[in-house]
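J.: Counted from 1, the sequence shown has number 1838 at position 392 by our numbering; the numbering is strictly sequential.
Beta carbons: idealized from backbone N, C-alpha and C, even for Gly.
Since the structure is predicted, the reported quantities are computational estimates derived from the model, not experimental observations.
Take this structure, written in structure tokens, and hold onto it; I'll ask about it next.
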Amino acid sequence: MNPEKASVLVVEDDAALRELIREELEEAGYRLTEAADVPTALRRIDELSPDLVISDLRLPGEDGMALLDRVRDRPVAPGFIIITAFGTVEQAVAALKRGADDFLTKPLKLDHLRLCVERTLERRELRRQIEHYQSVLEKGDFHGLIGRSRPMRKLFEKIRRIAHASGPALLFGESGVGKELVARALHEESERRHRPFVAVNCAGIPADLLESELFGHAAGAFTGAQKARKGLFAEAEGGSILLDEIGEMPAMMQSKLLRILEDGRLRPVGVDRETRLDVRVIAATNRDLETEIAEGRFRADLFYRLETFALEVPPLRDREDDIDLLTAHFISRFGADSNPPVDTISSAAMTRLRAHPFPGNVRELSNAIERAVAFCSKGEIDVGDLPERIGHRNADRAPDDAGAIPGLGNESLASLREVERHYVRHVLDRLGGNKRRAAHQLGIGRRTLYRYLEEDG
1447 MNPEKASVLV VEDDAALREL IREELEEAGY RLTEAADVPT ALRRIDELSP DLVISDLRLP
1507 GEDGMALLDR VRDRPVAPGF IIITAFGTVE QAVAALKRGA DDFLTKPLKL DHLRLCVERT
1567 LERRELRRQI EHYQSVLEKG DFHGLIGRSR PMRKLFEKIR RIAHASGPAL LFGESGVGKE
1627 LVARALHEES ERRHRPFVAV NCAGIPADLL ESELFGHAAG AFTGAQKARK GLFAEAEGGS
1687 ILLDEIGEMP AMMQSKLLRI LEDGRLRPVG VDRETRLDVR VIAATNRDLE TEIAEGRFRA
1747 DLFYRLETFA LEVPPLRDRE DDIDLLTAHF ISRFGADSNP PVDTISSAAM TRLRAHPFPG
1807 NVRELSNAIE RAVAFCSKGE IDVGDLPERI GHRNADRAPD DAGAIPGLGN ESLASLREVE
1867 RHYVRHVLDR LGGNKRRAAH QLGIGRRTLY RYLEEDG
């Protein structure tokens, strides 16, 4: 935990010792508050919710052990360090058994005090993270990302690992997989969580307005700019900005974005001086940016700068185990306020959902449930309430063709190499020509993929 953000309550009736602890810990960057007895300490805890309590074992009236008993069962209990005189270590050990994190003996060694505080706060933060993550796995809800499947658990873990980094992140994934939710989760897991999160759709802003929208402009910078305007980067100061559909960004803007990423400075349109910027950039795309680079539509240097922390968001067909959980989530979201209220789904309708390939991913499932709730005439969604396309392709397909690969009939046997080539082409077509994702899906390197494609003509 960052010392500048950690608060410590010192409970000590010896004013000189209390002042010594205050000076030492404030110098280390901690925020200090004090109390001389248990009643005052409890009031301070209620008012300030400190991260750590350092309490003498012996206090006037109730002692430090009583204070420990009063705070350890709170929903968000602070860390707790007991101070004890030499010769009463047995009592300190008893305090550890009752929930204290550590103990210090008098006379205090200041270097040991700092180390003990730092260690206790680190352990407390680690416990908080573990408890939070266990709760996420049990509920299947990670900052709005719903899932318990293996691909989603891996994604949650990667988000946790890179959330505290300051470098840019790049999110890959098909349309509708939830890239904005992943970006928000990165923001919420980071120390920037209390600062703004700004989402921008690069494809939704005309190219001639994108620079002023992102970077701001001075009054009179161009026709119609009657007043100075703060850009979206400035609005995200201290927080995070999501540049969705980054592959649609014009070449000139790519160059300006690269400069911001490299030197952390921003120059609004029509302004001569640059200003410092503290914003984490998260970019997202459903395009194969390496193909875009090869075809001259995306800067390679910007790609490599953005790819510092790359995350691939899995499509719904790769996390079929989550369809039931997502369906329940969307029924809860849309069904509570419907008339009549909808709170469940029939087994036949659920079978249809599980059979559907969901090319539109989670967004398609969400829209399907929202529509089904609107058409539902009772409290349970049935097959007739679902969009007609749901489940039909897979449900009606003959079992003998379940594993057929387009281009290979069942009437003749093909060579293994031919089957491999056709399957590679099949996967590539299914992924919209995205070679990076196809190689990942097939578990082969990109060079191997290109060899198959060359053989296929």
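Classify Gly1693 as helix, strand or coil using the three-state DSSP reduction.
T.: Helix, per DSSP.
J.: So, is Arg1831 buried or exposed, given that buried needs 16 or more other C-beta atoms within 10 angstroms?
T.: Before going further, note that residue 1831 is Asp rather than Arg in the sequence given. Flag for Asp1831 reads buried.
J.: Work out the CA separation of Asp1519 and Arg1544 for me, nearest whole Å.
T.: Taking the straight line from one Cα to the other gives about 11 Å.
J.: Looking at the unbroken alpha helix (DSSP H) that takes in Phe1661, where does it start and where does it end?
T.: Looking at the DSSP string, the run of the alpha helix (DSSP H) that includes Phe1661 is Ala1653 to Phe1661.
J.: With distance defined between alpha-carbon atoms, name the residue in Ala1462, Asp1497, Ala1512 and Ala1615 nearest to Glu1758.
T.: The residue with the shortest Cα to Cα distance from Glu1758 is Ala1615.
J.: What three-state label does DSSP hand Val1788 in the structure shown?
T.: Val1788: coil per DSSP, three-state reduction.
J.: Assuming Ser1636 contacts Ala1653 under a Cβ cut-off of 8 Å, what Cβ separation, rounded to an integer in Å, is found between them?
T.: 31 Å between Cβ atoms; not a contact.
J.: Could you have a look at Ile1851 and say whether DSSP puts it in helix, strand or coil?
T.: Because the pLDDT at Ile1851 is just 49, under 50, the model does not fix this residue reliably, and the value given afterwards should be weighed accordingly. Ile1851 falls in the coil class under three-state DSSP.
J.: When DSSP labels each residue in this structure, what does Val1717 get in the three-state scheme?
T.: Coil at Val1717, not helix or strand.
J.: Could you say if the segment 1749-1765 and the segment 1642-1660 meet the contact criterion of at least three C-beta pairs nearer than 8 Å?
T.: These segments do not touch.
J.: For Ala1531, report the span of its beta strand (DSSP E) as first-last.
T.: It spans Gly1525 to Ala1531 - the beta strand (DSSP E) in which Ala1531 sits, taken as one unbroken run.
J.: Is it buried or exposed for Asp1690, if we count other Cβ within 10 angstroms and need 16 for buried?
T.: Buried: at least 16 other Cβ atoms inside 10 Å.
J.: When you compare only the Cα positions, how much space is there between Ile1728 and Ser1701?
T.: Approximately 16 Å between the Cα atoms of the pair.
J.: Give a yes or no on whether the C-beta atoms belonging to Ile1651 and Val1628 are separated by under 8 Å.
T.: Not in contact: Ile1651 and Val1628 (Cβ atoms no closer than 8 Å).
J.: Rounding to the nearest angstrom, what Cα-Cα distance links Val1535 and Ile1528 in this structure?
T.: So the alpha carbons of these two residues sit roughly 10 Å apart.
J.: Quick check on the DSSP output: the beta strand (DSSP E) that includes Ser1621 runs from which residue to which?
T.: Premise fails: Ser1621 is in no beta strand (DSSP E) and is neither H nor E.
J.: What residues are listed by DSSP as bridge partners for Lys1676?
T.: For Lys1676, which the question treats as bridged, DSSP gives the partners Gly1662.
J.: Let me make sure I understand the geometry here. Which of Glu1766, Met1698 and Asp1709 has the alpha-carbon closest to that of Arg1745?
T.: Nearest C-alpha to Arg1745: Met1698.
J.: Please return the same chain residues whose Cβ sits closer than 6 Å to the Cβ of Ala1538, not counting the five positions on each side in sequence.
T.: If we look at Ala1538 and ignore the five residues flanking it on each side, its Cβ neighbours are Ile1528, Thr1530 and Phe1549.
J.: Keeping to the same chain, check which residues put their C-beta closer than 7 Å to that of Pro1597; ignore five residues upstream and five downstream.
T.: Excluding sequence neighbours, Pro1597 sits near Pro1760, Asp1764 and Arg1765.
J.: Can you have a look at Gly1662 and say buried or exposed, based on whether 16 or more other CB atoms are within 10 angstroms of its CB?
T.: Classification for Gly1662: buried.
J.: Ala1850 to Leu1772, Cα distance in whole Å?
T.: Confidence in Ala1850 is poor, its pLDDT being 47 and thus under 50, which makes the residue's placement unreliable; the coordinate value appears in the next sentence. About 29 Å.
J.: Anyone know if the C-beta pair for Leu1505 and Ala1546 falls short of 8 Å?
T.: Not in contact: Leu1505 and Ala1546 (Cβ atoms no closer than 8 Å).
J.: What's the C-alpha gap between Leu1488 and Asp1460?
T.: Computed Cα separation, rounded: 18 Å.
J.: Which complete alpha helix (DSSP H) runs does the segment 1467-1547 hold, if anything under 4 residues is left out?
T.: Qualifying alpha helix (DSSP H) stretches, in chain order: 1484-1494, 1510-1517 and 1535-1543.
J.: Could you name the residues that DSSP lists as bridge partners for Asn1647?
T.: Note: Asn1647 sits in a beta bridge opposite Asp1690.
J.: Taking 8 Å as the cut-off, decide whether the C-beta atoms of Asp1497 and Gly1525 are in contact.
T.: Contact: yes.
J.: Just the Cα atoms here: how many angstroms apart are Lys1555 and Arg1565?
T.: Looking at the two C-alpha atoms, the distance is approximately 15 Å.
J.: Under 8 Å by Cβ, that's how I've got Val1522 and Val1499 pegged, so tell me the actual separation to the nearest angstrom.
T.: About 13 Å separates the two Cβ atoms, so there is no contact after all.
J.: According to DSSP, is Ala1629 part of a helix, a strand, or is it coil?
T.: Note: Ala1629 maps to helix in three-state DSSP.
J.: Which residues bound the alpha helix (DSSP H) around Ala1746?
T.: That run of the alpha helix (DSSP H) goes Ala1746 to Leu1752.
J.: How would you label Phe1776, buried or exposed, when you count the other beta carbons within 10 angstroms and need 16 or more for buried?
T.: Burial call: buried.
J.: Helix, strand or coil: how does DSSP classify Ile1728 here?
T.: Three-state result, Ile1728: strand.
J.: I'd like to check one pair, Leu1617 with Lys1625: are the Cβ atoms closer than 8 Å?
T.: Taking 8 Å as the Cβ cut-off, Lys1625 and Leu1617 qualify as a contacting pair.
J.: With DSSP collapsed to three states, give me the class of Arg1565.
T.: Reduced to three states, the DSSP call for Arg1565 is helix.
J.: Specify the secondary structure class of Ile1890 as computed by DSSP and reduced to three states.
T.: Coil.
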